[in-house]
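A short worksheet on the structure shown next.
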Amino acid sequence: MMARWGMVVDLDSCSGCGTCVTACSAENTPMPGTPAEGARGRVIRWMNLLPQIEGEYPDLRAELTPMMCQHCDRPPCVFVCPVSATYKNPEGLVAQIYWRCIGCRYCVNACPYTVKFFNWSKPGFTAAQAACANPDVSMRQVGVTEKCSFCHHRLQRAREAAAAKGREVREGEYAPACVEACPSGSMVFGNLDNPGSEVAKLARSNRAYKILEEELGTHPKVSYLKRRI
Amino acid sequence: MTRASFLKVGGIITAALAASKALPGGVKTADGLLEPEIDRDLREAWHPSTCGMCPAGCGILYRMDDIQPVGIKGNLKDPVTRGALCLKAFGLLQEYAHPARLLEPRERNDKGGWTAVSWDSAIAKAGGWLKGARHPAVLIGHEASATTALVARFAGAVGADLYRSAWAPADLPLDALRQATGYPSAEPDFERTNFVVSFGNDWLVQYPHAALANQAYGFLRPRSGLGRGRMITVSSRYGLTALKSDQWIACNPGMEGAAALAVAGLLVRAGKARGAAREWGQKVLAGYTPEHLSRVSGVPMEKLRTLADELGHASAPLVLGTRGRLADQWAVTGLAALAGGLGRPGGIFPSAAPGFHDARLASAKSVEDLFERLRAGTSPVDLLVIHGANPAFASPDPSRWPGVLRRVPHIVAITPFIDETAGNAHLVLPSALMAEREDAVVARSASRARVRHTPAAIPPRPGVRPPADIVAEIARASGRSDGFPAPGDGVSRAINSLVRQPVPGPATGNQPAAGISPALASAPEWTMPTPVPSGEFRLRLLFSAAGSYGYGAHVPYLITATAPVIRTWWDTVAELNPESARKLGIADRDRVELASASGKITAMAKLFEGVPPGEVAVSFGLGRGPDGLLERGNGSNPADLVAFRREKGADSALWDQGSVRITRKGRA
Amino acid sequence: MKFLELRKYITSGVAVVLLLAAVSVLGWRVVQYVSGRQPVNFPHASALCHVALHVPCAACHTGIVGGTHAGLPKLAVCALCHDPDRKDGPKCPPALAAALKSGTEIPWKQHSRAPKHVYFSHYRHAVLGALNCAECHPDVTRLESPPPPPWRNPVRMAKCIACHRAKHASTDCLGCHR
């Protein structure tokens with residue numbers, strides 16, 4: 018079964034707590050970061066809550082959007098990579114192969130969602146921190162770009178478990194760390210090509226929208242459900 | 099369990115995976131034994147444990163790679179949290195592996211630095227101090243575990259006075275609630291409420307049990323849209339809770355209590371006051387009319403009337419406030435009673451104190467009583483044992499602590515990190531984290547309370563020991579250990595017997611109703627907050643989940659999650675209204691100095707429309723470096739700006755945030 | 277100093293530096309790889325044990341079936357068959373007996389190591405794919421002594437891709453990289 022993996026984030030029930038951000042960090046061990054890197058905006062977190070504020074006190078409207086790699090069906094980053102270190106795989110996941118990356122940062126520039134991150138410096142892990150890193154995820158090195166992978170390593174393990182039972186991996190057997198961690202249940206993940214799946218149904222809902230879809234035609238596979246006013 | 103024996107067990111687990119043998123250890127709850135979980139399909143081993151980042155004690159699972167912890171997830175089988183976690187839990191691995199972790203006992207040397215010493219010599223020294231001490235004291239924190247109960251018991255066994263710190267800034271109006279209901283604590287019933295009205299409480303960010311609060315937000319916003327709950331926030335600053343509310347009612351800085359009082363008055367006028375609190379409400383109306391309160395609070399009468407109307411019709415309202423000035427606490431508590439939100443489903447449930455019931459714990463004095471005793475000097479302390487409390491960082495005007503601690507000739511700190519308070523000790527002993535030791539917690543919500551008894555889930559870092567064992571060894575070395583269990587098996591047996599005791603939980607039903615009326619009737623008169631001098635700004639401290647209980651902002655993955663609306667990391671940030679900043683000639687990211695009567699700090703100015711003119715908001719918990727808690731030049735502690743004040747009738751010191759002068763210091 | 281003389285110094289200086297670098301790199305590689313010796317001589321192929329008795333590889337390298345990497349056997353696994361105090365059971369060599377009695381794990385040297393950026397599942401290949409271990413590893417059924425160190429004949433990506441192509445398995449980068 019060739020799935021097309023996608024995600025829906027319900028901005029009505031999202032409480033902005035940031036658990037998805039730290040769960041992603043615990044799962045994928047991005048660089049810890051230092052104050053100097055923080056000041057220069059070079060701390061890498063694959064998932065970020067992006068604030069948008071409109072108006073003047075006290076007539077304010079704001080939104081906090083959990084933003085991760087949108088795994089576009091027409092990914093601008095793939096079009097510009099000179100070495101195919103980033104490419105779209107048959108299941109729709111936009112992959113980042115660290116060992117092919119030459120660090121040119123064309124993809125970092127090309128991504129309209131600013132979800133590709135370049136390692137400007139050596140990630141400073143101590144030996145003890147590195148020992149607690151997820152063994153299923155490569156540690157990145159200086160000079161390569163990284164981004165959200167929809168926790169593809171979990172798909173690899175789930176696929177193997179399914180193969181042991183003589184079948185393909187099914188929906189519900191694999192979910193990224195952020196989706197699993199969300200305490201308000203605001204994130205849904207699954208196969209967009211399965212019309213009966215919850216993610217496919219929600220992506221067709223009248224509350225669903227994709228960010229920058231009309232402007233750029235990137236066809237992101239992450240849909241957001243508008244807040245109910 | 100020592101590291102050596104853990105390694106043996108860990109190795110056997112791997113071999114046993116293929117051999118399908120039964121696994122050692124387990125997690126006890128009142129509902130039964132939870133086994134370490136093996137996912138046979140994914141070939142993963144998960145060890146159940148309790149997150150120790152805050153007293154909520156959520157059930158978690160550690161993914162094990164042989165004996166090394168490499169992952170975290172919520173435990174879906176946990177009867178209280180059912181898998182929900184907050185962002186702090188995902189910092190546990192970094193806490194475990196933190197480079198600043200204390201891994202050997204250290205003694206202060208002549209040069210003012212630290213010298214590593216052996217455990218035997220450290221215990222002998224501490225035991226000797228305790229043996230000769232005539233006025234020993236023990237200071238514990240807010241952890242609601244069996245370890246805390248045992249350390250309290252240790253204080254009793256060795257004849258030491260017991261003091262305990264609290265985390266007032268994020269609490270509900272517990273002082274007023276306690277006096278009104280007669281119960282020491284309270285739980286908001288997020289699960290069954292359909293209407294949450296918050297007066298100044300940024301509960302989505304700062305409610306101590308963050309996992310339950312965020313899970314509750316999901317209940318209030320069902321996917322289908324049917325049965326959607328309603329959220330209203332009355333506050334001067336547009337924080338995350340205001341952002342996510344259905345309605346945000348802006349008020350003048352510091353006037354959330356006044357707004358609550360105005361709504362209470364309107365309910366009484368409309369004849370909607372329910373039962374017990376009516377007398378109180380009438381007294382309020384006589385003193386302060388809603389019109390007057392509307393003027394001082396800056397909330398238009400129309401909005402107050404609509405809110406009173408909604409509360410009058412609500413079936414399960416949850417009225418929240420903060421543990422600020424007693425007068426404001428009473429305002430919110432009275433309103434909650436009037437609206438039928440006290441002791442009823444969906445409202446605030448008075449409850450027993452969190453954690454295990456222990457007579458010593460119940461009679462522990464406040465950490466501020468210790469401060470005043472040390473400051474007065476008339477009743478000196480000759481030995482102070484500290485575990486789980488950091489008042490030299492997490493209290494108003496924390497710089498007052500080193501001075502009084504210097505008066506104590508012997509201080510022993512049992513801690514995983516040499517934090518601001520332990521930095522004043524003479525002997526620091528490395529303690530094991532919750533996951534590295536056997537322990538038990540009482541996990542609870544408004545409707546459930548369960549004991550979770552966990553064995554050590556991950557191997558302890560070499561050199562650390564469980565705090566309960568440490569105090570047991572000190573007691574034994576001092577010869578003053580009557581009635582206190584021996585280290586090792588003795589402590590384990592003591593934990594087992596604590597676990598078997600009946601679990602105190604939240605009060606259900608309307609029992610407190612009878613007691614509320616007389617308590618409320620004798621509540622003190624409401625008073626206006628101290629006005630802010632002209633040219634100064636009212637100070638609001640922001641308390642996020644990442645730094646709750648003053649703990650967590652030393653973990654890199656949590657530091658970067660501290661301020662969701664303002665995305666800055668590590669630096670102490672002062673949020674200013676853009677118009678106010680313009681008047682002072684301050685641009686975004688300029689360095690500014692904030693000065694109050696208690697102290698001054700520098701911070702980075704961030705222009706944020708959500709802060710009203712006349713107010714400055716500063717995040718608490720930032721300003722520490724990732725490599726150590728005492729990193730200087732990296733930020734500052736905004737608690738230095740808050741004066742130390744206590745109110746009669748309140749246990750904790752007031753985090754009344756007063757006012758500050760702001761001056762521009764230059765570019766970053 | 278005249279320029280030509282200076283150039284001689286610079287050239288020889290650079291040559292010395294390069295030589296030192298080469299020696300240290302080579303020396304490091306040598307130290308890394310030269311010793312294929314194990315702390316205890318474990319004879320896979322010995323007529324009396326293991327292979328001859330058709331003990332499957334996965335019985336000791338339990339990770340093939342039960343873990344994320346094949347792994348090296350812990351004492352608990354050896355103890356399943358060997359007991360130094362029993363006279364009638366499988367023979368227990370002195371080194372093994374000493375280790376079992378003291379409880380100290382034998383410090384086996386890891387011979388094959390998949391790089392961290394590669395997701396290689398023994399379960400998929402050895403169990404589901406029913407591949408013989410000798411397809412990729414030295415054939416230990418013919419070895420009395422530990423296998424030669426990996427630098428002699430490493431498994432390169434080209435070998436993986438060739439076999440995947442031949443057997444029509446996925447050659448998607450994400451299939452093996454993470």
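Going line by line, the protein sequences match chains A, B and C.
Note that the first sequence covers residues 18 to 246 in the numbering used here.
Note that the second sequence covers residues 99 to 766 in the numbering used here.
Note that the third sequence covers residues 277 to 454 in the numbering used here.
Beta carbons: idealized from backbone N, C-alpha and C, even for Gly.
Assuming residue i contacts residue j under a Cβ cut-off of 8 Å, what Cβ separation, rounded to an integer in Å, is found between them?
{"i": "P711 of chain B", "j": "E673 of chain B", "result": "About 12 Å separates the two Cβ atoms, so there is no contact after all."}
{"i": "A751 of chain B", "j": "E466 of chain B", "result": "5 Å"}
{"i": "I61 of chain A", "j": "F134 of chain A", "result": "4 Å"}
{"i": "R245 of chain A", "j": "D29 of chain A", "result": "5 Å"}
Comparing the C-beta of residue i with each C-beta of chain B, is any distance below 7 Å?
{"i": "S155 of chain A", "result": "no"}
{"i": "Q146 of chain A", "result": "yes"}
{"i": "C149 of chain A", "result": "yes"}
{"i": "C168 of chain A", "result": "no"}
{"i": "E185 of chain A", "result": "no"}
So with Cβ pairs under 7 Å, would you call residue i a contact of chain C?
{"i": "W116 of chain A", "result": "yes"}
{"i": "A127 of chain A", "result": "no"}
{"i": "E54 of chain A", "result": "no"}
{"i": "N208 of chain A", "result": "no"}
Are the beta-carbon atoms of residue i and residue j separated by less than 7 Å?
{"i": "A375 of chain C", "j": "P360 of chain C", "result": "no"}
{"i": "W301 of chain B", "j": "T246 of chain B", "result": "no"}
{"i": "V332 of chain B", "j": "E354 of chain B", "result": "yes"}
{"i": "C37 of chain A", "j": "P83 of chain A", "result": "yes"}
{"i": "A187 of chain B", "j": "I158 of chain B", "result": "yes"}
{"i": "A194 of chain A", "j": "C31 of chain A", "result": "no"}
{"i": "V562 of chain B", "j": "P585 of chain B", "result": "no"}
{"i": "A309 of chain B", "j": "C152 of chain B", "result": "no"}
{"i": "V540 of chain B", "j": "A530 of chain B", "result": "no"}
With a threshold of 7 Å between beta-carbons, can residue i be considered close to chain A, or not?
{"i": "C184 of chain B", "result": "yes"}
{"i": "C368 of chain C", "result": "no"}
{"i": "Q345 of chain B", "result": "no"}
{"i": "R441 of chain C", "result": "no"}
{"i": "A309 of chain B", "result": "yes"}
{"i": "S397 of chain C", "result": "yes"}
{"i": "P710 of chain B", "result": "yes"}
{"i": "K392 of chain C", "result": "yes"}
{"i": "V526 of chain B", "result": "no"}
{"i": "P398 of chain B", "result": "no"}
For residue i, list the residues DSSP reports as bridge partners.
{"i": "L770 of chain B", "result": "Examination of residue 770 of chain B is not possible in this model, given that chain B is present from 99 through 766 alone."}
{"i": "H508 of chain B", "result": "B:L481"}
{"i": "L768 of chain B", "result": "For chain B, the structure presents residues 99 to 766; residue 768 of chain B sits outside this window and is missing."}
{"i": "N65 of chain A", "result": "A:M84"}
{"i": "G202 of chain A", "result": "Looking at the DSSP assignment, G202 of chain A forms no beta bridge with any residue, so it has no partner."}
{"i": "S757 of chain B", "result": "B:R636"}
{"i": "K463 of chain B", "result": "B:Y261"}
Suppose you measure from the CA of residue i to the CA of residue j; what does that come to, to the nearest Å?
{"i": "A180 of chain A", "j": "P140 of chain A", "result": "36 Å"}
{"i": "M19 of chain A", "j": "L110 of chain A", "result": "11 Å"}
{"i": "G226 of chain B", "j": "K463 of chain B", "result": "26 Å"}
{"i": "A53 of chain A", "j": "F447 of chain B", "result": "46 Å"}
{"i": "H453 of chain C", "j": "H387 of chain C", "result": "21 Å"}
{"i": "V91 of chain B", "j": "R542 of chain B", "result": "No answer is possible for residue 91 of chain B: the residues shown for chain B start at 99 and end at 766."}
{"i": "A225 of chain A", "j": "S203 of chain A", "result": "13 Å"}
{"i": "N675 of chain B", "j": "E707 of chain B", "result": "5 Å"}
{"i": "N208 of chain A", "j": "V216 of chain A", "result": "7 Å"}
{"i": "A258 of chain B", "j": "W753 of chain B", "result": "28 Å"}
{"i": "W217 of chain B", "j": "P203 of chain B", "result": "6 Å"}
{"i": "A460 of chain B", "j": "P267 of chain B", "result": "21 Å"}
{"i": "P498 of chain C", "j": "C368 of chain C", "result": "Absent from the model: residue 498 of chain C. The displayed extent of chain C is 277 to 454, so no value can be given."}
At 7 Å on the CB atoms, spell out the chain F contacts of residue i, in chain order.
{"i": "G323 of chain B", "result": "Absent from the structure: chain F. Protein chains present are A, B and C."}
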